[in-house]
Structure formats: C-alpha cells, structure tokens
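Contents: one structure, followed by commentary.
Residue numbers (the working numbering): 3 to 152.
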C-alpha cells in the first residue's frame, strides 16, 4: 500500500468483497484492486474497477491470476487493448452489430474511457433501451452501452 501512500483497511476490503464479490471468488489481489486501485486507475471508482474485473472475466472466462492478466486489467482500465485476445469475445461483440473495430474492442473487452461523461452515458442508456427494449443488467450490456457513447 506504500505504493499508493495508503494504509491497508481491512474493513474496506471486507466491504468490497461483500459488495462486488458475490458469486465470484475474488482473491486478495482482486479485492485490493477494487478497494485501492493503482496509480493509473485512481480516476475510476470502486464500482468501475470491479466492472473492469467483470469485463475481464466476460472476455477470458476467468479472473486475472498472472502478471500478464493483471497488466491487461490495467490496459482495459485505461482504454487500451489487452495484450491477450479472445476470438470468442470479439465474435460475440461483432454479433451485436458493432460497426467498427473500436466498438468491437470496447464491447469485447470492456475498455473504460479515460474520462467519463455522465450526460453522454444517459443518452447511451436511452439508446440501449431503444435498441434492446430493456435496461442494461449484465457486464456485456454495459460494454455495449459504452460503445454507443465513446
């Protein structure tokens, strides 16, 4: 935690595990990532950092475990493509009707924008409901919504 100039907070970690870890087996690394982030992911809140882990799991079928995986989590968090690719995730993204490579990658990997715009996201929500007839409720849905906006 010295890296971030923070002290470890066991109560915070427990709250993160309870709030975001339902149905998933988060290890200490995942809990720490959500609770504290990294220097390059401080702009994201806990919910967005949890969302990055959900997007990683959606794309690769597992939570991050290796150094390469964690590097890819940071890449996704900072709107960069991961070094690993998933043909299955990219094909699923293409099946949504994504019209360009940027949209396919955003949907497939859940790339997070460098700066969020809540006004644009509200418009994206309207567009999502118009397109799919429902509110987004799954990780993949939110990835699609972001592709509408960013």
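Note that CB positions come from ideal geometry on N, CA and C, so glycine has one too.
Please read these numbers as outputs of a predicted model, since none were measured by experiment.
Asked                                                                                                                : Found
Residue 81 and residue 122 closer than 8 Å at C-beta                                                                 : no
Best match in 17, 41 and 31 for proximity to residue 8 [C-alpha to C-alpha]                                          : 41
Residue from 45, 11 and 60 with nearest C-alpha to residue 140                                                       : 60
Where the alpha helix (DSSP H) containing residue 35 begins and where it ends                                        : 30 to 38
Other residues of its chain near residue 126: CB distance less than 8 Å, five sequence neighbours each side excluded : 147, 148, 150 and 151
Exposure label - residue 105; buried when at least 16 CB within 10 Å                                                 : buried
Alpha-carbon spacing of residue 101 relative to residue 67, whole angstroms                                          : 32 Å
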